[in-house]
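Here the structure comes first, spelled out in structure tokens, and everything after it is commentary.
Numbering (the UniProt record's numbering), first residue to last: 1 to 472.
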């Protein structure tokens, strides 16, 4: 059993709003449901709209870092996490096409204590179900199977495909990586031509298959997260569902992408995947075996996107959260944690509202707290992705040498702090972030100005969110 202390559940939220807002959340993924819950818990009336039925269609793993775990525990989900999660205590690294390990990163208890919480792996659908139950306890209303055609930032209206209009004091854009609301907030123009991006393949297989195969059996440690890094690809894998399933996510960088990849077993989709430049014959033999055993492989093609400069529209009605706000590649482990942090930030801020004319200041506060951090996370994620996907040659060899040296040092008595900072610094900055603490720090300095001033403009143009970028 772990001795890492669990953060005490917060009284969410100790401040009760003097006014209750109408909030419309577009998107019923993890970002949308968690934001709906946080704002509902903060005392507001929330409606969630989604074009689908709200259920996850595929089994997909989530790697939940300490920054995300802290918030989920504060939301009262400790028993849920114990029942749906596998505690991760080791990360195994592999490079190239051979099963030879670069080494293992041991997540020792003193290391996790410094980060403030445990590292867990869980199935996305189970976390979504738990978050949905929390939201329903706060009387959040769900409009599922309802496609959004448009959102008006002036009137605060959301037009559904049925012709119905919903109105909100705030509209939350939680509609994912290919968000339609992002263009309203940022004036971003969606490019239609094929361009570079990633194909993401996800599947699960029974661990009985691994148990029966001597070559695969070594991957079955329920506390291990395996990562393969090779030319143009990164592969994440871990045990799920109390040891019953093994989940695999493959991210493959490609050029001239399109979206025509079917769902099916490997024999069904292999030609389509190879057709966009993802040559999975280059992966390690054990991963090929895992692919061959998968009966259903879900696929998604995503284009590379940059971070956004503003998370709120000029009329202070529409605000972006989740992948709409920080388009980290789906499947990258920081994506869901950032979404949970967005939700906690909005919930904490809007538990303090005293008048409706303070909406713009609180949204500006959200932007000033989250946008620099989101930008840092997105830019680090893409740089890190490019480094881990390096082509065979000197760059890949130098990368492997640094990782191997760092992993050796972590189990020894001597630590090269500069090397540690270079290899893991930004990852640890993200894992140790405390979103609630960031709000408290900001509010202690500038909250009184919000309570006095009704203007939307940044209360302090010099507000600085602490983002350490000297580790790149």
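Even for Gly, the Cβ is constructed at its ideal location relative to N, Cα and C.
For clarity, every value in this text was computed on a predicted model and none was experimentally measured.
CB-CB length for residue i against residue j, believed under 8 Å
i	j	result
residue 347	residue 81	With a Cβ gap of about 19 Å, residue 347 and residue 81 do not count as contacting.
residue 36	residue 135	5 Å
residue 196	residue 267	That belief does not hold up - the Cβ atoms of residue 196 and residue 267 are roughly 27 Å apart, past 8 Å.
Close-in-space but distant-in-sequence residues of the same chain around residue i (CB under 6 Å, 5 per side omitted)
i	result
residue 111	none
residue 124	56, 60, 62
residue 530	As displayed, the chain neither begins before 1 nor continues past 472, which places residue 530 out of reach and without an answer.
residue 375	307
residue 378	307, 326, 328
residue 371	311
Sub-7 Å separation of residue i and residue j beta-carbons
i	j	result
residue 177	residue 389	no
residue 117	residue 69	yes
residue 90	residue 223	yes
residue 144	residue 53	yes
residue 157	residue 49	no
residue 321	residue 363	no
residue 97	residue 397	no
residue 169	residue 21	yes
residue 317	residue 172	no
residue 205	residue 294	yes
residue 140	residue 46	yes
residue 313	residue 183	no
residue 166	residue 24	yes
Minimum C-alpha distance to residue i - residue among the options
i	options	result
residue 355	27, 44, 31	44
residue 187	308, 350, 220, 14	308
residue 315	42, 179, 357	357
residue 387	353, 229, 149, 218	229
residue 85	127, 75, 282	127
residue 121	104, 327, 333, 172	333
residue 349	74, 75, 447	447
residue 14	376, 351, 150	351
residue 251	217, 337, 218, 329	329
residue 253	366, 274, 269	274
residue 232	142, 392, 41, 216	392
residue 221	88, 384, 281	88
residue 150	142, 138, 164	164
residue 32	16, 77, 132, 78	132
Boundaries of the beta strand (DSSP E) in which residue i is found, first to last residue
i	result
residue 248	245-254
residue 151	148-152
residue 240	233-240
residue 22	22-26
residue 323	Premise fails: residue 323 is in no beta strand (DSSP E) and is neither H nor E.
residue 165	165-167
Beta-carbon contacts of residue i that lie in its chain and below 7 Å, excluding the five residues immediately before and after
i	result
residue 102	93, 94, 95, 400, 403, 404, 407
residue 369	345, 438, 439, 442, 465
residue 175	26, 27, 181, 324
residue 241	123
residue 192	Caution applies to residue 192, whose pLDDT of 47 falls short of 50 and renders its modelled position unreliable; the value that the coordinates give is listed next. Excluding sequence neighbours, residue 192 sits near nothing in its chain.
residue 198	251, 252, 253, 254, 302, 329
residue 261	199, 269, 272, 273, 299, 301
Sequence-distant residues of the same chain with beta carbon closer than 8 Å to residue i, five excluded per side
i	result
residue 66	112, 115, 116, 117, 118, 119, 431, 432
residue 485	Nothing about residue 485 can be read from this structure; the chain reaches only from 1 to 472.
residue 249	60, 61, 200, 201, 202, 235, 236, 237, 331
residue 462	Confidence in residue 462 is poor, its pLDDT being 39 and thus under 50, which makes the residue's placement unreliable; the coordinate value appears in the next sentence. Same-chain partners within the cutoff: there are none.
residue 296	58, 203, 263, 264, 265
residue 289	213, 215, 216
Terminal residues of the alpha helix (DSSP H) in which residue i lies
i	result
residue 71	66-74
residue 495	Given that the chain is displayed from residue 1 to residue 472, the structure contains no residue 495 and the question cannot be resolved.
residue 37	30-41
residue 376	359-388
residue 114	109-115
residue 286	285-293
residue 128	124-137
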